[in-house]
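Asks: Protein chains in written order, with my numbering: chain A, 31 to 275; chain B, 8 to 231; chain C, 35 to 265. I'd like to ask you about the structure that follows.
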């Protein structure tokens, strides 16, 4: 059984279609790299999956169970198993690093505070921020904030992690610290969907890579095929353009 | 007690209420224009004038913005006759509202003048604009854009504020409503209809000012 | 004119008049305070309703918009008359102060809900996204994430509105509520000269309003330093 199975997914911003029939089966432990030009719909897939944008057609199945995005309770159950990290980190500006990581488990999932804090400290230590627990987001660098965001997502103990261009807003020298944290997760066998422009990184961690253009998956294969021997002309031109940079 | 709504009895008085609405609008416009004149003059003096003049203007602004307009007009209407100055209700209301508007508009315009950006002035100077050209092409357009939304808001608030004139017997919209109420005793119908006319009046004003602001001054409008 | 004023002064500031004015001032303050408290609670509720997204609540959202737009676009005096006559004709025998307090609360709720909404809007969209993705409901999002960030934006204009509002309660005199303005009319009818009476009333309002508006100005400077920086 697929861990996550997306079939014929469509979505639109107002009257403008952004996804026109996405089919994407994801097995347990898969790391799917989503690449493509801007506006191709990569990030939209993740936002639709999280229930931030309503799908207009298609189905999403999580371990065999159909997710009904019109049913608020079903979406809540989904969000207990799938977490997302945003491009702009989206850390809560009014909370310290530790509070950012603990707020959802404690206030929303009603787990005991002591236990959650112990886990949160461990997670933050793992991403190298054990000494920044009481800082506020605006006192941290972008890379540090993004690592807090990753720890915050992991504190929800997701089965599936969605990463939306998590390095795009970072200065180049801060990218590697964030990628290191994600690499560790891939090694642990976390199922992940990664939208990124870091082609080298995508190639390294992805079990499969999907190339999107104008709301469709043009081609999906293992990383080597996509980058070295793509079948589609559009994939080839995108990959060659981006690798030249 | 049973009270059934009967708008039929009030309907024939609609033309009178609309006449009243026109008078409301007239008072609001006159007081706003007067206030704008006072405000522009005083804000300029505040920006460039001598210290004693600024203090005097401050006192005027602070006094009028910290006391109720209604009591100000009471004073004009009831106290000035003691000093031999008799004002008609219309004149008392108009003078009171104009002085009140002058105080608020001085404050609004002062804030607008202060918002002019030094960097833009410097850019204009580097480009060889003289002082007058700087004011014409840089300062005024910017000030108009910044000031238009708060001034529009204040005008709408003033339009609502004109209802106060009814207290002195001026037959603007609320005054007419009181008259019709006294004739028909259909209070709820009369004041509901009156409220609706105010809503339509201010909605029209909001939309018109919004469009004007957008096209004439490229102002960002979020109107009352 | 001045001779008469000076002659009247000792009588005007007699024990009973001062007590009378004191009580009236308390009524003005009480009316304002009720408007602020009830208005804030109702205003927050209205702002929350307008934040909801579910289709089932659409009628409620429309009602909230209707309420806000109505009470922001009808003069206080007309609202006051409408509330006054509604209670009178429905036979509910409420004290005039309560009628005025209800009117004041309705109007304050409408204006404050717009101020609160503006504050909510000032918090970046991505904070809502993050909270939603982590299963925060509307109330949890507002309580834990939005209000702790928005209150700095909300407080200065809300306070400014409170100060304006104190002066607006003068209109309650028109339905016979014994607050400062009505007290002025009473004393004037008793034979004290209008100049003396209304000057005194103006000064009492000023004494209440001015310190509060100064405090509000300082509040704004302290809470929003970033607005004065930047280009």
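For each residue, glycine too, the CB sits at the ideal point set by N, CA and C. All of these numbers come straight from a predicted model, not from anything done at the bench.
Closer than 8 Å, CB to CB, is residue 95 of chain A near chain C or not?
Replies: As a first step, residue 95 of chain A must be located in the first chain, where it is residue number 65. Not closer than 8 Å to any Cβ of chain C, the Cβ of residue 95 of chain A fails to qualify, so no.
Asks: Are the segment 193-201 of chain A and the segment 164-182 of chain A touching, with three or more C-beta to C-beta distances below 8 Å?
Replies: yes
Asks: Show which residues of chain C have a CB atom less than 8 Å away from the CB atom of residue 205 of chain B.
Replies: As a position in the second chain, residue 205 of chain B is number 198, starting the count at 1. Correct list: 107, 108, 109 and 112.
Asks: Between which residues of its own chain and residue 197 of chain C is the CB-CB distance below 8 Å, once the five residues before and five after are set aside?
Replies: As a first step, residue 197 of chain C must be located in the third chain, where it is residue number 163. Hits under 8 Å: 243, 246, 247 and 250.
Asks: If you count every other CB in all the chains shown that lies within 10 Å of the CB of residue 207 of chain B, and 16 or more means buried, which is it?
Replies: To locate residue 207 of chain B, count along the second chain from 1; it is residue 200. Classification for residue 207 of chain B: exposed.
Asks: Identify the contact partners of residue 235 of chain C in chain B, using a Cβ-Cβ distance below 7 Å as the criterion.
Replies: Here residue 235 of chain C is taken as the residue at index 201 of the third chain, counted from 1. Going along chain B in sequence order, the residues near residue 235 of chain C (Cβ under 7 Å) are 78.
Asks: Please tell me whether residue 166 of chain C has its Cβ less than 8 Å away from any Cβ of chain A.
Replies: Translated into positions along the third chain, residue 166 of chain C becomes position 132. It does: the Cβ of residue 166 of chain C has a partner Cβ on chain A nearer than 8 Å.
Asks: Do the CB positions of residue 116 of chain C and residue 134 of chain C come within less than 8 Å of each other?
Replies: Numbered from its first residue, the third chain carries residue 116 of chain C at position 82. Numbered from its first residue, the third chain carries residue 134 of chain C at position 100. It is not a contact, given that the beta carbons lie outside the stated cut-off.
Asks: With residue 146 of chain A and residue 126 of chain A assumed to form a contact (beta carbons below 8 Å), what rounded beta-carbon distance in angstroms separates them?
Replies: Here residue 146 of chain A refers to the residue found at position 116 when the first chain is read from its first residue. Here residue 126 of chain A refers to the residue found at position 96 when the first chain is read from its first residue. With 8 Å as the limit, residue 146 of chain A and residue 126 of chain A do not qualify as a contact, their Cβ atoms being about 14 Å apart.
Asks: Counting only Cβ pairs nearer than 8 Å, list the residues of chain C close to residue 89 of chain B.
Replies: The residue you call residue 89 of chain B lines up with position 82 of the second chain. Here the neighbours are 35, 38, 227, 228 and 229.
Asks: Going by DSSP, which residues form a beta bridge with residue 37 of chain A?
Replies: Within the first chain, residue 37 of chain A is the residue found at index 7, counting from 1. In the DSSP output, where bridge partners are listed per residue, residue 37 of chain A has A/89.
Asks: Check distances from the C-beta atoms of the segment 43-75 of chain C to those of chain A and list, in chain order, the residues that come in under 8 Å.
Replies: none
Asks: My parser needs the alpha helix (DSSP H) runs of 4 or more residues fully inside the segment 24-105 of chain B; what are they?
Replies: 58-72 and 76-81
Asks: Give me the chain B residues within the contact set of residue 224 of chain C, using Cβ-Cβ distance strictly less than 8 Å, ordered along the chain.
Replies: Taking the third chain and counting its residues from 1, the one referred to as residue 224 of chain C is at position 190. The premise fails here: residue 224 of chain C is roughly 14 Å from chain B at the closest Cβ pair, so nothing lies under 8 Å.
Asks: I'd like to know whether the C-beta atoms of residue 66 of chain A and residue 214 of chain A end up nearer to each other than 8 Å.
Replies: The residue given as residue 66 of chain A occupies position 36 in the first chain. The residue given as residue 214 of chain A occupies position 184 in the first chain. Cβ distance not < 8 Å, so residue 66 of chain A and residue 214 of chain A don't count as in contact.
Asks: Let me make sure I understand the geometry here. Which of C/178, C/147 and C/172 has the alpha-carbon closest to that of residue 189 of chain C?
Replies: Here residue 189 of chain C is taken as the residue at index 155 of the third chain, counted from 1. Measuring from the Cα of residue 189 of chain C, the nearest candidate turns out to be C/147.
Asks: Can you give me the Cβ contacts of residue 141 of chain B inside the same chain, cut-off strictly under 8 Å, excluding the 5 residues immediately before and after it?
Replies: Taking the second chain and counting its residues from 1, one reaches residue 141 of chain B at position 134. Correct list, in chain order: 128, 131 and 132.
Asks: Expressed to the nearest angstrom, what Euclidean distance is found between the alpha-carbon atoms of residue 230 of chain C and residue 214 of chain C?
Replies: In the third chain, counting from the first residue as 1, residue 230 of chain C sits at position 196. In the third chain, counting from the first residue as 1, residue 214 of chain C sits at position 180. Each residue's alpha carbon lies about 14 Å from the other.
Asks: Relative to chain A, which residues along the segment 172-186 of chain C have a C-beta separation below 8 Å, given in chain order?
Replies: Residues passing the 8 Å Cβ filter: 174, 178, 179, 182 and 183.
Asks: Closer than 7 Å between beta carbons: that is the criterion. Which residues of the segment 123-143 of chain A meet it against chain C?
Replies: If you check each beta-carbon in the segment 123-143 of chain A against every beta-carbon of chain C, the ones closer than 7 Å belong to 123, 124, 133, 134, 137 and 138.
Asks: Does DSSP classify residue 264 of chain C as helix, strand or coil?
Replies: Along the third chain, read from residue 1 onward, the residue named residue 264 of chain C stands at position 230. Residue placement at residue 264 of chain C cannot be trusted, given a pLDDT of 32 that sits under 50; the coordinates are not used to answer.
Asks: Hey, would you say residue 17 of chain B sits closer than 8 Å to residue 191 of chain B, going by beta carbons?
Replies: Position 10 of the second chain, counted from the first residue, corresponds to residue 17 of chain B. Position 184 of the second chain, counted from the first residue, corresponds to residue 191 of chain B. Closer than 8 Å, so yes.
Asks: Listed from N- to C-terminal order along the chain, which residues in the segment 160-186 of chain A have their beta-carbon within a distance smaller than 7 Å of any beta-carbon of chain C?
Replies: So the close ones are 186.
Asks: Go ahead and label residue 184 of chain A buried or exposed: buried means 16 or more other beta carbons lie within 10 angstroms of its beta carbon, across all protein chains shown.
Replies: For the purposes of this step, residue 184 of chain A is identified with residue 154 of the first chain, where counting begins at 1. Classification of residue 184 of chain A: buried, given that the 10 Å Cβ count is 16 or more.
Asks: Excluding sequence positions up to five away, which residues of its chain have a Cβ less than 6 Å from the Cβ of residue 117 of chain B?
Replies: Taking the first residue of the second chain as position 1, residue 117 of chain B is located at position 110. In chain order, 50 and 53 place their CB closer than 6 Å to the CB of residue 117 of chain B, counting only its own chain and leaving out the 5 sequence neighbours on each side.
Asks: What span of residues does the beta strand (DSSP E) with residue 240 of chain A cover, start to end?
Replies: Here residue 240 of chain A corresponds to residue number 210 of the first chain, with the count starting at 1. 238-243 is the span of the beta strand (DSSP E), which, as asked, contains residue 240 of chain A.
Asks: Starting from residue 3 of chain A, trace the alpha helix (DSSP H) in both directions and tell me its first and last residue.
Replies: This structure cannot settle anything about residue 3 of chain A, because the visible part of chain A is limited to 31 through 275.
Asks: Is the shortest distance between the beta-carbon of residue 163 of chain C and the beta-carbons of chain A less than 8 Å?
Replies: Here the question's residue 163 of chain C lines up with position 129 in the third chain. It does; some Cβ of chain A falls within 8 Å.
Asks: Do residue 226 of chain C and residue 46 of chain C have their beta-carbon atoms positioned less than 8 Å apart in this structure?
Replies: Counting from one through the third chain, the residue named residue 46 of chain C turns up at place 12. Counting from one through the third chain, the residue named residue 226 of chain C turns up at place 192. In this structure, residue 226 of chain C lies closer than 8 Å to residue 46 of chain C by Cβ.
Asks: Can you tell me where the beta strand (DSSP E) holding residue 47 of chain A begins and where it ends?
Replies: As a working note, residue 47 of chain A is residue 17 in the first chain. Looking at the DSSP string, the run of the beta strand (DSSP E) that includes residue 47 of chain A is 46-56.
Asks: Provide the residue(s) that pair with residue 63 of chain A in DSSP beta bridges, ordered along the chain.
Replies: Here residue 63 of chain A corresponds to residue number 33 of the first chain, with the count starting at 1. Answer is A/224 and A/239, bridged to residue 63 of chain A.
Asks: Cβ of residue 154 of chain C less than 8 Å from any chain A Cβ?
Replies: Here residue 154 of chain C refers to the residue found at position 120 of the third chain. It does not: the Cβ of residue 154 of chain C has no partner Cβ on chain A nearer than 8 Å.
Asks: Take residue 122 of chain B and list the residues in its own chain whose beta-carbon comes closer than 7 Å to its own, dropping the five residues that flank it on each side.
Replies: For the purposes of this step, residue 122 of chain B is taken as residue 115 along the second chain, with counting starting at 1. The beta carbon of residue 122 of chain B is closer than 7 Å to those of 153 in its chain, skipping five residues each way along the sequence.
Asks: What's the gap between the Cα of residue 52 of chain A and the Cα of residue 164 of chain B?
Replies: Locating residue 52 of chain A in the first chain gives position 22, counting from the first residue. Locating residue 164 of chain B in the second chain gives position 157, counting from the first residue. Spanning the two alpha carbons is a distance of roughly 53 Å.
Asks: Below 8 Å on the Cβ atoms is my contact criterion, and I expect residue 163 of chain C with residue 122 of chain A to pass it. Report the Cβ-Cβ distance as a whole number of Å.
Replies: The count along the third chain starts at 1 and reaches residue 163 of chain C at position 129. The count along the first chain starts at 1 and reaches residue 122 of chain A at position 92. Not quite, the Cβ-Cβ distance comes to about 11 Å (not below 8 Å), so this is no contact.
Asks: Using 8 Å for Cβ pairs, my map puts residue 41 of chain A next to residue 74 of chain A. What's the rounded Cβ distance?
Replies: In the first chain, residue 41 of chain A corresponds to position 11, counting from 1. In the first chain, residue 74 of chain A corresponds to position 44, counting from 1. Confirmed, about 6 Å.
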